Each structure stands twice: as C-alpha cells, then as structure tokens.
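For the sequence shown, this note's numbering puts the final residue at 767, and the numbers step up evenly by one.
Note that the Cβ used here is the ideal one computed from N, Cα and C, for glycine as well.
Note that this is a predicted model, so its numbers are computed, not measured.
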Amino acid sequence: FLKIPIAIGKLTKLKILHINDGKLTGVDTELQNMADLLELKLINNNISQISLEAFSNSSNLSSIHLSQNKLIFLYPGIFDGCRNLKKIFLRKNFLKSIDGLFNLPAIKEIHLEVNKLETIDNAFQRDINLEYLHLSTNPLKRISSSAFNANVKHLRALTLRNCELKFLPPSIFRCLTKLKFLDLSNNLIESLPVEIFHGLYMLLQVNLNENRISYLGEVFRHNYHLQKVFLSNNNLQTLQNLFPRLQYLHTVDLKYNNLTVITETDFSTCISVRTLQLSNNSIYRIDSNAFLNMVELKNLSIAFNKLTSLNGSLRNSCELKYLWLHHNRLNEIGPSEMSKLKKLMRINLSFNNLTNIHKAFRNLKRLRILNLYGNKLTTISRSTFPTRFIIKKFRTAGNPWICDCRLSWLLEITKLANQFTCIFPEHFYKQKVGQLTTYNLTNWSDNCDKSCECTCVPQENEFFVRVDCSGRNITQVPDNLPEKVGELHLQNNLISNLIKLERHPLAHLKYLDVERNFINDIGFYFPKNLEIVKLARNNLTRFMPYHALPTILSWTLSDNPWICDCHTVDFWKFLNSESEKILDVKSVICSQSEEKPKLYGKIICDLTDFELCPEKLLLYILLGVVLSVLTFTAIGSHFVYTRYRYHLKVWLYSRGFSFLKKRDDSDLGKKHDAYVCFSDEDLEFVREYIIPELEDKEPFYSLFVSPRDMQAGRFEIDQQLEEMKNSKRIIIIVSQFQLFCQQRLVSYICRTICSETRLISPFIH
3 FLKIPIAIGK LTKLKILHIN DGKLTGVDTE LQNMADLLEL KLINNNISQI
53 SLEAFSNSSN LSSIHLSQNK LIFLYPGIFD GCRNLKKIFL RKNFLKSIDG
103 LFNLPAIKEI HLEVNKLETI DNAFQRDINL EYLHLSTNPL KRISSSAFNA
153 NVKHLRALTL RNCELKFLPP SIFRCLTKLK FLDLSNNLIE SLPVEIFHGL
203 YMLLQVNLNE NRISYLGEVF RHNYHLQKVF LSNNNLQTLQ NLFPRLQYLH
253 TVDLKYNNLT VITETDFSTC ISVRTLQLSN NSIYRIDSNA FLNMVELKNL
303 SIAFNKLTSL NGSLRNSCEL KYLWLHHNRL NEIGPSEMSK LKKLMRINLS
353 FNNLTNIHKA FRNLKRLRIL NLYGNKLTTI SRSTFPTRFI IKKFRTAGNP
403 WICDCRLSWL LEITKLANQF TCIFPEHFYK QKVGQLTTYN LTNWSDNCDK
453 SCECTCVPQE NEFFVRVDCS GRNITQVPDN LPEKVGELHL QNNLISNLIK
503 LERHPLAHLK YLDVERNFIN DIGFYFPKNL EIVKLARNNL TRFMPYHALP
553 TILSWTLSDN PWICDCHTVD FWKFLNSESE KILDVKSVIC SQSEEKPKLY
603 GKIICDLTDF ELCPEKLLLY ILLGVVLSVL TFTAIGSHFV YTRYRYHLKV
653 WLYSRGFSFL KKRDDSDLGK KHDAYVCFSD EDLEFVREYI IPELEDKEPF
703 YSLFVSPRDM QAGRFEIDQQ LEEMKNSKRI IIIVSQFQLF CQQRLVSYIC
753 RTICSETRLI SPFIH
C-alpha cells in the first residue's frame, strides 16, 4: 500500500507502529487519532512528502524513524505538535534544509546522515536540549561560527563526518562547553585554528581521521580530559607539542601519516595511553625513551614502517600485551629488547629482515601467538623461548631454515617441528623438521675425513663440529677437517707431530685432545680461541715458548719425558703461574738425565730455578764479584777526582789534553786568556820566562802585559781594571817587589771574590 491504511488510524490506543520496507509514498492525516502513539517507524519506504498536520496530534510521540525514504522537503514546524519528541531519525533522504524543523525543547537526538544539506547556519533558532546531532555525509562544505550557538549548548556528541569541510572558524564550537564526542573525519581539512577546541573542557574523543592535516601544534592543550584521538590517514610529519599534559589520554590512532621519527618528547606526558597506532608511516627511528612514561601501554602497532632497530624503546612497556611490528626492516631483536615485556601475549614480526632473535623471547612467559613469517632466519635456539613452551600459534614459513643440530630441540615438540620447512642443506630441501631424526640433524658429512666421525653440536644460537678420530691408528693429522671444528679428538693414535694442524682454519677450535700419542714436538702456535689442551702421555721433552700460549683454561701435561735443565726454567715458571689450570701439575716430573740424575722423578713445579740451573747461581756469584770490584774502583776514582781534580786538570792540560778543558760561560767574549800582574822590577823575568812559554808555544795563549799593551792617553789604573775584566785569568808574579804594586793586587783579589771563580794563578819568583 502507498498510504497508511485507514484501519490502522483507528487504533487509537496503539503505542508502537512499524511499517518498514514497504511502498509508502506519503503521510497525511492518518495518525491524527493515534494520540497514544509513542514510537513510529516508517523506515525504507518511498515517502517523498509529509503533510504539515501529519503529527499535529502526536503529543506523546517520543521517537520518529523516517530513514531511507525520498524526503526532499519538510515543512517548518511540522514536528511542533510532538511536544515529547526526543529522537528523530531522517537518515538517507534528500533533505536540503532543516530550518525551522527542530523547535522542540525536549528533543535529545537528531540523525540527519546522508542527506543533501548544504547549510545548517539557521537550523537552531530556539533553545533546545539537544545532546546528539549527527550530520555526516552532507555537502555542507562551510559552517558559520554561529551555526552551533547557545541554543544547542547541551550538545554532547556532534558528527560531521564526510561533509566536504575545508575550513572551520576558530570559534565554531565555543558554545558547546558540554561536548564530549566530536567527529570531523573524512573531510578536506588541512589545518585547524589552535584555539578551535578552547573551552571544550569536557571533550573526551576527537576523530580527525582521513583529512589532509599536516600540522596541529598545541590544538589540544586545554582539553585535559581527552581520552581518545583519531588522526589516521592525514599528512602529519611531526607530533611536536601535540599531546601536552593529556594524562587521561588512553587511545591514539596515528596510522597512515608521514611520520618519520618518534622523539622522546612526543608522548612524554601521555602516562595513561593503552593503545597506540603508528602503523603505515615512514618511521625509521624511535628514540630509546620515546615510550618511557607510557607505563600502561597494552597495544602497540608500528607495522608498515622503515624501522631497522627498536633502539631499546620498549624496555619500560611492562604492561604491553599486543605488539605489531610486521612489514618493517628489522635486522635483529636483541636479548634485552623485550626482556621486561612479561605480559606480552601476541607478537607479529612478519616481513622483516630478521637474521637473529637469539634469546629475544626468553622472558615472555605469556606469549601465545608469534608470527615470524617472511624473514631471513636460518636457525632458532631453544633459549630464545621460556623454559615452558606454551605458544599456541607459531608462523615460521618464508624463512631459509638450515636444518642442523641447532634445530634438534624441535623434535621434542612434534607439532612445532612440523611448522619448520628445511631450505638447507640441499638433501633436506622442503622436508619438515618433524620428518627428520636426531641423527639426520647432528651427523656432519661436509669435509669430514673418512677416518673420523663428525658430529654437529648446538651451542646456543651457534654450533660447532666435534671431530672424533681417536683410536684409529692414524699417524698424522687428517687432511680434511670441517671449517667449524670446535672439538678435535686425536687421542690413542700414532701421531708424532701436529704440524699439519697449521693447514686448517681453526678459528673455532676450543678443545684439542692428543693424549696417548708419540708427539715429540708441538711445532705450531695454538689457535687463539683454544680453551682445553690435552698433551699427556706423549714424548714431549721441551715445552713451547711461554709467550706463544693463548689464554687456555685447562691442560694435561703428565707422562712426558720432560728434560730438566737451564732451558726448563721458563716451563717451570709456566707450571707455577698456571698451576690452577693444569689438571695434572703434580704429575709433571723430570725424566732421567745423565747431566742431572738427582732431579729424576721430581715434580718440576716443586723445584727451584737454582735446582734446575745451578750454573745460573755461579754466574750470579761471578757477576757479584765483578760488580763489587767495579763499585770500589768507581768509589776510589771518585774520591781521587774530588780531592785532586784541579791538579789533575792542570797536569793533563799541560801535556796536551786540551779537550778535557771545559770552557766556562763567563769566559765567552773576553779578549785575553790571562792578565799578567807584576812589579816593574820583575819585567825582565816576565819577558824572559812567562811570555815565551805562554804566547810562543802551543796552545798559544793571549796575554795582557803592562806596559807593553797599554794605550797612550788613558788613565793607567782605569785601563788596567778594564783589561782585567776582559781577561779570563789573572797571573800574579809574587816576589819581593810585589809590595810596590799592592794597590793592584787588592783590586785583583776583590775581583776574584766578586766573580766567585778561580781567576788568580800565582807564580813565585
């Protein structure tokens, strides 16, 4: 039927009327006699017109549902007769205007989604108690600052999703002080005025998903009670100052933005966040303290980013339960990265570049779901997980697993072993680990000599190969050894030397047993990683140089014919310094020797170095005697030199040892070697004996002789004093006539005292 049947209109006591999914085209006066009607639903019909009097007598009607019809126009005041109307649903119609429709004081909820509304600027001209207004999917494009005026001040929820909005006035929400929920998603907004949410102190949730926002700044700085913020599918590049002091914020959605770095200040005050969505960005770095204060974080998604490392950022997220890290570039999860996440239940690490996760999950005792699909993992150790393995879903495909002894622990958990597909070695390609045996995984055939048995031994996340060639009667070290040989057993054979070991790469060798052979010389330096060496019961007579030994933790050296002599002292020092490491140190004894028969059978480390080398004691005695003689000689020479040094110098100098004379700095720049002081009566003596001996013979001294060298026209006494200063020494001729030059003699002596040097050389005549 196209109209509401008249018979229905006669049901005056009817309270609920539903005519849904029919062919009604309009509503006239059919409901006027139904004064007791409380709820009317005419959903999904073809109603295109409703008369002005249709609800004039419906004063008790509390909800009207007219969604999914073809309404283009409704008369202003059409609902005025519905004095108790609280909810009206007009979704999915073609309404272009709602001016004058909602003048009802009791109205609480209005649904106008998916219509053709282009403006709501004059929709609310009377004071109403409206709390929920839904305007999504209307071509509003612009809304004036007066649209949400004081007449709708009780509004608690407002949805403007998909309304083609590009710009919002700064004061558009200033009257909505009770607003708690705001949806502005799926619009064309590029930015928001920083003051747009000022005054909205009760705001709990803001949805800004799917806009074009690149920066928000401090837009939420006054919304202290904000609990949820949705900002996915925008163009945000930074979160600087976006969440200041939001201590009640518990849900943040930032997926599908352009974020590159999460800094330590972005969420530093968000202490209550429980769910954080950061997936589908371009994040390549997270600061180590980025989530430090988010102590309640339970759900974290950083999937589809560019992370190569977690940088210790999760170390304080002790409440975390769900972690999404798939589709990143992570290379490794270190042992401490998740060590404190003891409540973690689910981890998705698929599609990364992981090569190492050793011990990464060992503290995650509640882990139930783990996804490692599509990485570069080749092995996984038992110590990666807690002692009790309780993971229910474990995805491991898409990794190049190497099936060797490191995966042998999986055989203890059949269901788990069947989830690992071998890629290497080739003879196990595409086989499940569960299809193999322990022997398959531990037997090592690669480069294993036919005379030996090689076994793969797991060692945490690594492995080594144990090569057992013992008791095979071989006479030399095998030609072939695996590259990662860690233990080499050569005991009980006929080997006389180990020189061929140098041909092999022994970087991983830690255990070497060559006991009960005929080795008489080690002949090569031990590998640097070697820890245990067994050399007992061979023919060794000499030990290797002490400096050639690496840091070995354990030795056996007994039952060898060790020679005890002076060359054994270094070995003796080694035995004493490393006695705690030598298991049989008290069995390392001297062999029989004709030179030192008394040492036969004695424990080498209990001997003294003089017992081993008495020649050394004689040498010490001889050296002591020589040193004593030299010491006394040196003391005597020093005494003689100190007592007679000046006499010696003169005597040596007079015999041509001029190189022994050390020139004083005070003599530099002086004209004469000596000034000759004498009385006039001694002039002939000076000319005959002094001048010829000093000036005419080697080493040829320069003398100042008065009056020979005096200059005319100058005071005699001044000139003499000046020449004295320019002379290195003063020669005084002491004679009976010297009293006549007493004044000059006093001057000479004064000068000598002032200069504190031996300038005077007296000659007695």
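### Task
Determine, using beta carbons only, whether L443 and D406 come nearer to each other than 8 Å.
One-based indexing of the sequence shown puts residue 443 at position 441. One-based indexing of the sequence shown puts residue 406 at position 404. The answer is yes: Cβ separation under 8 Å.
#### Entry: Y203 - DSSP class collapsed to helix/strand/coil
Residue 203 sits at position 201 when you count from the first residue of the sequence shown. Three-state DSSP puts Y203 in coil, outside helix and strand.
### Message
Per the DSSP calculation, I371 is bridged to which residue(s)?
### Response
Residue mapping note: residue 371 aligns to position 369 of the sequence shown, counting from 1. DSSP lists R348 and K395 as partners of I371.
#### Entry: Proximity to T389 [Cα-Cα], best of I692, L374 and W411
Residue numbering aside, residue 389 sits at position 387 when the sequence shown is read from its first letter. Nearest option by C-alpha distance: W411.
#### Entry: Helix, strand or coil at H429 according to DSSP, with G and I counted as helix
Position 427 of the sequence shown, counting from 1, holds the residue named residue 429. DSSP places H429 in helix when its eight states are reduced to three.
### Message
For the beta strand (DSSP E) containing T161, name the first residue and the last one.
### Response
Position 159 of the sequence shown, counted from the start, is the residue given in the question as residue 161. From DSSP, the beta strand (DSSP E) with T161 extends over A159 to T161.
### Task
Could you please give the first and the last residue of the uninterrupted alpha helix (DSSP H) stretch that includes W326?
Translated into positions along the sequence shown, residue 326 becomes position 324. From DSSP, W326 is part of no alpha helix (DSSP H) but of the beta strand (DSSP E) over Y324 to W326.
#### Entry: Run of the alpha helix (DSSP H) containing P694, from where it starts to where it stops
As a position in the sequence shown, residue 694 is number 692, starting the count at 1. Counting along the chain, the alpha helix (DSSP H) containing P694 begins and ends at I693 to E697.
#### Entry: N- and C-terminal bounds of the beta strand (DSSP E) containing E724
Position 722 of the sequence shown holds residue 724. It is not in any beta strand (DSSP E) - E724 instead sits in the alpha helix (DSSP H) that spans E718 to K727.
### Query
Which whole-angstrom value is the C-beta distance of T253 and R223, which I expect to be below 8 Å?
Sequence index remark: in the sequence shown, residue 253 carries index 251 (1-based). Sequence index remark: in the sequence shown, residue 223 carries index 221 (1-based). The pair is not a contact, with the Cβ atoms about 19 Å apart (cut-off 8 Å).
### Message
By alpha-carbon positions, which one of K367, F702 and I215 ends up nearest to N237?
### Response
The residue labelled residue 237 in the question sits at position 235 within the sequence shown. Comparing Cα positions, the closest option is I215.
### Query
Going by beta carbon distance, what residues of the same chain come within less than 7 Å of K88, once the five residues before and after it are set aside?
For this step, residue 88 is matched to residue 86 along the sequence shown. Result list for K88: S64, S65, A108, I109, K110 and E111, in chain order.
#### Entry: Where L278 falls: helix, strand or coil (DSSP)
As a position in the sequence shown, residue 278 is number 276, starting the count at 1. It is a strand residue.
#### Entry: Boundaries of the beta strand (DSSP E) in which Y513 is found, first to last residue
Looking up residue 513 in the sequence shown gives position 511. That run of the beta strand (DSSP E) goes Y513 to D515.
### Task
Below 8 Å CB to CB, which residues in the same chain sit around P246 once its five sequence neighbours on both sides are set aside?
Start at 1 with the first residue of the sequence shown, and residue 246 comes out as number 244. So the list reads E220, F222, R223 and T271, once near-sequence residues are dropped.
### Query
Roughly how many angstroms lie between the CA atoms of D625 and T610, to the nearest whole one?
In the sequence shown, residue 625 corresponds to position 623, counting from 1. In the sequence shown, residue 610 corresponds to position 608, counting from 1. Checking the sequence, you will find Leu at residue 625 rather than Asp. If you take the alpha carbons of L625 and T610, they lie about 20 Å apart.
### Task
Within 10 angstroms of the Cβ of E414, are there 16 or more other Cβ atoms? Answer buried if so, exposed if not.
The residue you call residue 414 lines up with position 412 of the sequence shown. Its Cβ having fewer than 16 others within 10 Å, E414 is exposed.
### Task
Just the C-alpha distance for L13 and N35, rounded to the nearest angstrom, thanks.
Counting from 1 along the sequence shown, the entry for residue 13 is found at position 11. Counting from 1 along the sequence shown, the entry for residue 35 is found at position 33. For L13 and N35, the distance between alpha carbons rounds to 8 Å.
### Contact between the region 88-101 and the region 122-130 (3+ Cβ pairs under 8 Å)
yes
### Task
Compute the beta-carbon to beta-carbon distance between R39 and K25, rounded to the nearest angstrom, for a pair I have assumed lies under 8 Å.
Position 37 of the sequence shown, counting from 1, holds the residue named residue 39. Position 23 of the sequence shown, counting from 1, holds the residue named residue 25. Reading off the sequence, residue 39 comes out as Leu, not Arg. The Cβ separation is near 21 Å, so there is no contact.
### Task
Pull up the distance between the alpha-carbon of L299 and that of G314, whole angstroms please.
Locating residue 299 in the sequence shown gives position 297, counting from the first residue. Locating residue 314 in the sequence shown gives position 312, counting from the first residue. Each residue's alpha carbon lies about 15 Å from the other.
### Query
First and last residue of the alpha helix (DSSP H) that includes G11?
For the purposes of this step, residue 11 is taken as the residue at position 9 of the sequence shown. Start and end: I8 to G11.
### Task
Report the option in L614, L577, Q249 and S53 whose CA atom is closest to the CA atom of S595.
By 1-based counting over the sequence shown, the position of residue 595 is 593. Closest by alpha carbon: L614.
### Span of the alpha helix (DSSP H) around Y441
Sequence index remark: in the sequence shown, residue 441 carries index 439 (1-based). Here the alpha helix (DSSP H) through Y441 covers T440 to T444.
### T439 burial status per 10 Å Cβ neighbour count (16 or more: buried)
Taking the first residue of the sequence shown as 1, we reach residue 439 at position 437. Exposed: under 16 other Cβ atoms inside 10 Å.
### Task
Quick one: give me the first and last residue of the beta strand (DSSP E) that F91 is part of.
Translated into the one-based positions of the sequence shown, residue 91 becomes position 89. It spans K89 to F91 - the beta strand (DSSP E) in which F91 sits, taken as one unbroken run.
### Task
Give the DSSP-derived three-state secondary structure of K502 in the structure shown.
On the sequence shown, position 500 is the one that residue 502 refers to. DSSP places K502 in helix when its eight states are reduced to three.
### Straight-line Cα distance separating C471 from N768
Outside the displayed span of the chain (3 to 767) sits residue 768, for which this structure offers no information.
#### Entry: Bridge partner(s) assigned by DSSP for W564
Position 562 of the sequence shown, counting from 1, holds the residue named residue 564. C592, per the DSSP bridge assignment.
### I6 to V29 span [Cα, whole Å]
Taking the first residue of the sequence shown as position 1, residue 6 is located at position 4. Taking the first residue of the sequence shown as position 1, residue 29 is located at position 27. Straight-line Cα distance between these residues: approximately 7 Å.
### Range of the contiguous alpha helix (DSSP H) that encloses L483
Position 481 of the sequence shown holds residue 483. No alpha helix (DSSP H) contains L483, which DSSP labels as neither H nor E.
#### Entry: Member of R408, T381 and E321 whose CA lies at the smallest distance from the CA of T398
Position 396 of the sequence shown, counted from the first residue, corresponds to residue 398. Of R408, T381 and E321, the residue nearest in Cα terms is T381.
#### Entry: C-alpha distance - L483 paired with S234, whole-angstrom precision
Taking the sequence shown and counting its residues from 1, the one referred to as residue 483 is at position 481. Taking the sequence shown and counting its residues from 1, the one referred to as residue 234 is at position 232. Computed Cα separation, rounded: 59 Å.
### Task
Answer with yes or no whether the minimum CB distance from I733 to chain D is below 8 Å.
Reference to chain D is not applicable here, since this structure consists of a single protein chain.
### Message
Helix, strand or coil for Y622? Go by DSSP, reduced to three states.
### Response
Start at 1 with the first residue of the sequence shown, and residue 622 comes out as number 620. In the structure shown, Y622 sits in a helix (DSSP, three-state: H, G or I).
### Query
Identify the residues that DSSP records as bridge partners of V435: which are they?
To locate residue 435, count along the sequence shown from 1; it is residue 433. V435 is not bridged to any residue.
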